[in-house]
Amino acid sequence: MKNRPLTILITTGILLMSAGQSSLSFAHGDETHPIEQKAFIGVDSAAGNVVKQFHAALQTGNEAIVRQSLAANVQIYEGGKVERSLTDYANHHMLADMAYLKGLTITPKEHQITITGDIAISTSISHAQGEYKGKSIDSMAMETLVLIKQVDGSWKITHVHWS
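Heads up: take any position in the sequence shown, counting from 1, add 64, and you land on our numbering.
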């Protein structure tokens with residue numbers, strides 16, 4: 065299907081907009097909501113299990129599971145750059161990402177997975193602490209993953225956006 069990437073992009077945009085409308089929060093005066101009280105929704109779904117497996121594999125350096133979790137045509141957006149396939153990611157930043165995450169403690173603060181048909185969108189916020197190359201790390205990270213259900217019923221990550 066020649067226009068499939070465009071169709072997926074449009075569908076993803078619509079899903080993101082509709083997901084955003086259902087989870088908007090508005091200010092309530094001086095009331096505060098600690099981030100620890102945010103939602104963990106859909107993380108035990110089949111798509112959620114792929115996401116958790118992907119995260120664990122990156123942190124433990126399990127290249128085989130990272131490759132298994134990602135679609136061959138995955139696009140990974142990070143730091144103003146894009147890697148346009150699993151091969152590109154494996155040849156460029158995958159091992160560096162694994163080395164970086166290995167020395168960190170990652171604490172999930174919020175994670176929601178919305179599934180509509182054969183598309184799942186995972187959005188999460190986490191806190192990373194530890195040391196990398198002698199430097200102290202203490203940062204918040206945001207992640208959006210798009211997964212597509214494959215013909216065999218498995219889920220593959222087709223898009224990653226890290227910030």
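Don't be surprised by glycine CBs; every beta carbon is placed ideally from N, CA and C.
In this text the structure is predicted, and so the values were computed from the model without any measurement.
- Contact between the stretch 202-214 and the stretch 100-117 is present: 3 or more CB-CB pairs across the two stretches fall below 8 angstroms.
- The Cβ atoms of L159 and I201 do not sit closer than 9 angstroms to each other.
- Apart from the 5 residues on each side of it in sequence, H156 sits with its Cβ closer than 7 angstroms to the Cβ of E147 in its chain, given in chain order.
- D182 has its alpha-carbon roughly 14 angstroms from the corresponding atom of A135.
- Check the Cα spacing between G106 and each of R131, T187, E195, L165: the tightest is with T187.
- Per DSSP, Q139 is not a residue of any alpha helix (DSSP H); the beta strand (DSSP E) it occupies stretches across 134-142.
- Exclusion of the five residues before and after S109 leaves I177, I179, A184 as the residues of its chain whose Cβ lies within less than 8 angstroms of its Cβ.
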